[in-house]
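A.B. asks: So the sequences go chain by chain: A and B.
Note that this note's numbering numbers the first sequence so that position 48 is 48, with each residue one more than the last.
Position in the second sequence (first residue = 1) + 522 = this note's numbering.
Glycine is no exception: its CB is placed at the ideal position from the N, C-alpha and C atoms.
Below is a structure I'd like to ask you about.
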Amino acid sequence: MHAANSVAIVDRPAATPAVALKHISKTFGTNAALTDVTVDLRPGEVHALVGENGAGKSTLMKILAGYLPADTGELEVDGRAAPADRVLSGPRVGVGFVEQEGGLIRELTGAENLILAEGTGFLADRAAAGARIRELGNRFGGAVDPHVPVELLAVGQRQRLEILIMLARGADVLILDEPTAALGIEDAAILTEIIERFTADGGGVFYISHKLHEVMSIADRITVLRGGRVVGGHAADQVEVAQLAADMVGQRVAGDENRNGNGSDSAELIEVALGEERARTTASASHEVVGTLTGVCAPAPYVGESALHELDLVVRAGEVVGVAGVVGSGQSTLARVLAGLLRPSTGTAQLPDRVAYVPEHRHDDAVALELSVRDNVVLHSHRRREFCRGPWFRRDRMDQHVEEVLRRSHVRGATLTMPISGLSGGNQQKLVLGRELDECPTLVVAHNPFRGLDVRAIQEVRQAVLGACDQGAGVVMISPDLDELLQLAHRIVVLFAGRILGEVDVADGDLDQLGRLMGGVA
Amino acid sequence: MSLLSLTHRTPRQASFGRGLVNLLTAVAVVAGLVAALLAMVGVDPAGTAQAMWSGSFGTLRSTGETLIRATPLLLIALALIPSLRAGLYNIGAPGQMAFGALASTVIALQAPTLPSAILVPACAIGGCLAGALTAFLPGLLKATWRANEIITTLAMNFIAVAVLGYLLTGVMQSDFANLPQSDSLPANSALPTFIPGTRTHIGLLVALLAVPLLWAADRSRLGYRLRIFGANPSLARQAQIRPGRYTIWLMTLGGAGAGLAGWMQVAALDHRLYVGIATPVGYAALFVALLGALHPLGTVLAALAFGALLHGGDSLQVGAGVSPEIVQVLLGLILLAYAIRATTSAATGTEGRTRSWTFWKRS
C-alpha cells in the first residue's frame, strides 16, 4: 500500500460522485440536527458547507466520517453503498476528517502518528513512514518534519501534518472543519496550495467555514445549511456573498423571541458575515491607564512561539487595542503575561488584580469540558462571600447567579448540570466571556475570541467586549485576522518576533503601513 | 487505559448507577469463568459458592471477619478517591500503611503503661502522621520537580519493606520469636470491638465516617477546587488554585488514610508488627476505589465484596476442598473484566467523539 497509488484517482468517470449523502436525518433527543440532507462531492472539487453554529455541518461530516450514526438516509462512496447507520471503529476508509482541535497525539512524531493510525504495530519502520509523509509533503506543497513530536510544531504545521497523514492513509476525500480559524496569512496560503494540488490530483474536499469571502475564493460549490436543512446550493462563480449571508442568517428574527431584543437583526448579521460592519463604541478612550508593560521580557510558553523582548505597552480605559502579527510572533506569550499567568523575566508589568482572560485554546485553557456548566461558570465567583456558607456553597444564590450570567451572555441551550461539552463552541465561548466579564474587570485580554464562531455568536461576543469597554475596561484583542481587528480596535499594535514593531491608528486606516509592519518592515 | 478513563469522570458524573452496572457485569462474567474453571478441575461450582458464602456471611462471626477485612480496604480507598479523581496515582498505600503500623507499634511499645484512653488515640495519630509523611515526600517531589508519583510511591513501598525487615530482624525483633516480628502490643493499645461475638472493631466506624465526609467535601469549596484541578490544571491556575499545593495535600491525605489503616491492623487485629503487614490490603485498596467507580457508596460495596472474597477464600480449603488461591484467580479476573468493561464503555461513549486512534488524547 503506497500512498502515492492511493491518492491518484485517474480512471474514475467524473459523473460518479466521490461521496454522496442522500436524505440524511439525525436527531439528538428531541432536537433535529439534520433533516433530509442530500449533498454530494465530485472528484476534484472543493465543496464548501456554510452555516451558523448548530446548523448541522459538523454532524453531517461526522456521519460521513463514520463517527456518528445517521437515523435514516443513505451513503455512497465511489458509487457503492456504504453503511451510514452505525459508528465505525475508525475513520471511514478514504475519508480524512481534519477537526478544528486537531486529532494527532502530541507526544508522538508525525511518523509515529501515521504508524499508530495504520495500526501496523511496533515493528513498523519509522524512517519509511517519515519518508512517505515527506514525499507527500513535497508533492502537495506542505513539507513538515515528520520526526519531530507534534507538540513542538506550530499550529499550521500540525494541521499540514495531519492532512499529510490522512493522505498517506489513502484519503481521497478530505473534510476540513474551519481549517483557517487559527492560521495566519502564510499558513492559510500554504493550505490553499495543498487543497489546489490535491483537487488537481482528483481528490475531493468538504470545506467547512464561516468566512464567506474565503469560501468564495476557494470553493467550486457552496451548500448553505440552516437548522439542519439545506437552504441553498450554489456554484461559487454564480453567487454573491450577500446571497450566501442572507441564506445563512435567514429571515427568522420576527418569529424567534429568543433572539429578539439583543440588537441583532438580519441586516446587521449579514453585515457581520460580510465583514463590513464597523464596531460602534460609545466610549471614548480616556487617559486612565489600566495596564502597563514596561521593558518586559518573557520566555515563550511553547516551542514555535516567540519570547517577548523589551516590550512596552500601555492600555487605557475604554479602548480596544488590537494586537496583530504573524502567528507565533509572541501573541501567546503576551496574552499570558497580561493575564498574569506568566511572570516577566525582566521589566515590570503593572496590571490590575482582576484581568479577564479569554484564552486562545478554549478546550485546553478556558473550560473544563467534562465538568458541568455551573462548575465552569463559577470559576472565579465561587470565592464570593455571598455564595459561601462556611466551607460550603449557598447553592440557591449561586444557581440564580449562574442563570443570570448565562442569560446576560446569551448562552443558549444550557442547563446548570449538563457538562459544558454539550454546548456548541460559540455558546462555550460566550460562557467563557460572560464568566470573565462577570468579575467587572478593568482589563480584558481576548486571544482569538472569534475562533470558530458563527456570525450570530461573533456579534454577541463582540457586543460583550464592547460593553465591557463602555463600562471603562481596557481591552487587548489579539487576532491573526486583520479584518476582525480593523472592525473592533481603536489602534493596532503589530508584533514581530516578540517586539512591538509599530502602531497604527485605525481611524487613519493606513493598511499599507500595517502590512509592512506585519512583514517585519518598520 | 481503563484507569485513565475512570479518573476523567467527575464526582457529579461518576454516576453511581453506571459504576454499579459495570461492577455487576464484571462479577457475572467472572463468576461464569471461575465456575467453568472449577468444573474443569472436577469441583462442584455450586458447592464452592455455597462454601464461599457461608465462609464470609454464614455466621455472625464470619460476617464480622468479612467486615474486618473490608475495613482497611474501605478506609484507604476512600482516602485515595480525591487524588484519583485528580489524576494522581498514589500506589504507595502498602508503604504508607507499613510505616503507619510501625509508628503505632513503636508508640505502643514505648509507652505500654499509658491508659487506653490516651494510648489508643496516640497510636492512631502516630500511625496517621507516619503514613501522611510517607506520602508527603512523593507529593513534594511531584509538586517541585514533577517526579512521577507512580514511580516514587512505588519506590517508597520497597523502602518500607526494607526498613521493616531491618528493624524486625534487629532492634525490634521479639525475644520470644525466631520470626521477624515485634513484641506483642500491650492490651491497652487495642481498639475496642463493638459487635459482641465478633472481632469487628471501631475502625470500621472510622472508615464509614469517611463516606459522609467525602460526600460533604464534594459540595464544598475545597471539593469544587479539587474538581477544577483534576479536570483542567490550566484553568485551575487561572482561578488561583495552586496545582502544587493541591498535589501535596492530596497525596498526603491518601497517606494519612493508609497510615490509619496500618494502625488498625496492628492495634486491633494482629497485635504485633511483621514485614507483610500491608499485604494484600495496600494494593487491593486501590482496586477497591477503582471498582467503586471513585464513588463513596460504590467503594463501600466494592470493599465489602473484596473483604468477603478475601475471608471467604480462606474457608474454601475446609468447606469445599478447593485451594484458596482460587480467590486470587477470581480477583485478578474481576479486575481484568472491569478494565475491559471500562475501556469499551469509554470507546463506545455516546458523545460522538469516538476516534479509534485518538480517543485517549488529552481533551
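#1: Mapping the DSSP letters down to three states, classify Phe716(B) as helix, strand or coil.
#2: Here's a check: name, in chain order, each residue in its chain whose Cβ is nearer than 7 Å to the Cβ of Leu34(A), leaving out the five neighbours to either side.
#3: Out of Glu99(A), Gln331(A), Val378(A), state which residue places its alpha-carbon closest to the alpha-carbon of Asn448(A).
#4: Phe393(A) CB to nearest chain B CB: under 8 Å?
#5: Any C-beta of chain A sitting closer than 8 Å to the C-beta of Tyr746(B)?
#6: Mind checking Thr120(A): buried by the 16 CB within 10 Å criterion, or exposed?
#7: Under the rule that 16 or more other beta-carbon atoms within 10 Å means buried, what is Trp667(B), buried or exposed?
#8: If we ignore side chains and look at the alpha-carbon of each, how far apart do Ile218(A) and Val173(A) end up?
#9: Does any residue of chain B bring its CB to less than 8 Å from the CB of Asp364(A)?
#10: Tell me which residues of the stretch 730 to 746 of chain B have at least one Cβ-Cβ distance to chain A shorter than 7 Å, keeping chain order.
#11: Residues of the stretch 660 to 680 of chain B with a CB closer than 8 Å to any CB of chain A: list them in chain order, please.
#12: What's the gap between the Cα of Ala712(B) and the Cα of Pro702(B)?
#13: Please list the partners that Asn754(B) has in chain A, where partner means a Cβ-to-Cβ separation under 7 Å.
#14: Does the count of Cβ pairs from the stretch 550 to 569 of chain B and the stretch 822 to 838 of chain B closer than 8 Å reach three?
#15: Does the CB of Tyr357(A) have a neighbour CB from chain B at under 8 Å?
#16: So His410(A) and Glu484(A) are in contact, right, with Cβ under 8 Å, and what is the actual spacing, rounded?
#17: Quick one: Cα of Ala669(B) to Cα of Thr223(A), how far?
#18: Gly96(A) bridges to which residues according to DSSP?
#19: Please classify Asp505(A): does DSSP put it in a helix, a strand, or coil?
#20: Whole angstroms is fine: what's the gap from Gly137(A)'s alpha carbon to Arg451(A)'s?
#21: With DSSP collapsed to three states, give me the class of Phe28(A).
#22: If you count every other CB in all the chains shown that lies within 10 Å of the CB of Arg591(B), and 16 or more means buried, which is it?
#23: When DSSP labels each residue in this structure, what does Arg477(A) get in the three-state scheme?
#24: Per DSSP, Val323(A) is paired with what?
#25: Identify whether Ser329(A) lies in helix, strand or coil by the three-state DSSP scheme.
#26: Let me know the secondary structure DSSP gives Gly834(B) once reduced to three states.
#27: Assign Gln762(B) to one of two classes, buried (16 or more other C-beta atoms within 10 Å of its C-beta) or exposed (fewer than that).
#28: Just to confirm the assignment, what range does the alpha helix (DSSP H) spanning Phe680(B) have?
#29: At the level of alpha carbons, what is the spacing between Thr199(A) and Leu116(A)?
#30: Please list, in chain order, all residues of the same chain as Thr442(A) whose beta carbon is under 6 Å from its beta carbon, the five residues on each side excluded.
#31: Is DSSP giving Phe621(B) helix, strand or coil here?
#32: Could you tell me the distance, in whole angstroms, from the CA atom of Leu707(B) to the CA atom of Val642(B)?
#33: What's the C-alpha gap between Asn710(B) and Gln850(B)?
#34: In the DSSP assignment, find the unbroken beta strand (DSSP E) run with Asp312(A) in it and report its ends.
#35: Using a Cβ cut-off of 9 Å, pull out every chain A residue sitting near Arg749(B), in sequence order please.
#36: Any idea which residues DSSP pairs Tyr207(A) with across the strands?
C.D. replies: Inspection of the coordinates gives the following:
#1: The answer is coil: DSSP assigns Phe716(B) none of H, G, I, E or B.
#2: Ile24, Ser25, Lys26, Gly56, Thr59, Leu60, Gly228.
#3: It is Gln331(A).
#4: Phe393(A) belongs to the set of residues whose beta carbon lies under 8 Å from a beta carbon in chain B.
#5: Yes, its Cβ sits closer than 8 Å to a Cβ of chain A.
#6: So Thr120(A) ends up on the exposed side.
#7: The residue is exposed, with fewer than 16 neighbouring Cβ atoms inside 10 Å.
#8: Computed Cα separation, rounded: 16 Å.
#9: True, the Cβ-Cβ gap to chain B drops below 8 Å.
#10: Listed by position along the chain: Arg741, Ser742, Arg743, Leu744, Tyr746.
#11: Within the stretch 660 to 680 of chain B, no residue places its CB atom closer than 8 Å to a CB of chain A.
#12: Rounded to the nearest angstrom, the two C-alpha atoms are 21 Å apart.
#13: By Cβ distance, chain A contributes Ala368.
#14: Per the Cβ contact rule, the stretch 550 to 569 of chain B is not in contact with the stretch 822 to 838 of chain B (fewer than 3 Cβ pairs under 8 Å).
#15: At least one chain B Cβ lies under 8 Å of Tyr357(A).
#16: Between Glu484(A) and His410(A) the Cβ distance is about 19 Å, and since that is not below 8 Å, they are no contact.
#17: Going by the C-alpha atoms only, they are around 52 Å apart.
#18: Leu174(A), per the DSSP bridge assignment.
#19: The answer is strand: DSSP assigns Asp505(A) an E or B state.
#20: If you take the alpha carbons of Gly137(A) and Arg451(A), they lie about 27 Å apart.
#21: In the structure shown, Phe28(A) falls within a strand segment according to DSSP collapsed to helix, strand and coil.
#22: Buried: at least 16 other Cβ atoms inside 10 Å.
#23: Per the sequence shown, the amino acid found at residue 477(A) is Met instead of Arg. Annotated three-state conformation of Met477(A) is strand, per DSSP.
#24: DSSP, once it has assigned bridges, lists Ile478(A), Val493(A) as partnering Val323(A).
#25: In the structure shown, Ser329(A) sits in coil (DSSP, three-state: anything other than H, G, I, E or B).
#26: Three-state result, Gly834(B): helix.
#27: By the Cβ-count criterion, Gln762(B) is exposed, with fewer than 16 other Cβ atoms from all chains shown falling within 10 Å of its own Cβ.
#28: Start and end: 671 to 690.
#29: When rounded, the distance between both Cα atoms is 27 Å.
#30: Result list for Thr442(A): Val290, Pro352, Ala473, in chain order.
#31: Phe621(B): helix per DSSP, three-state reduction.
#32: For Leu707(B) and Val642(B), the gap between their C-alpha atoms comes out near 11 Å.
#33: Rounded to the nearest angstrom, the two C-alpha atoms are 35 Å apart.
#34: Looking at the DSSP string, the run of the beta strand (DSSP E) that includes Asp312(A) is 308 to 316.
#35: Near Arg749(B) (Cβ distances below 9 Å), the residues of chain A are Ala368, Leu371, Asp375.
#36: Tyr207(A) pairs with Ala48(A), Leu176(A).
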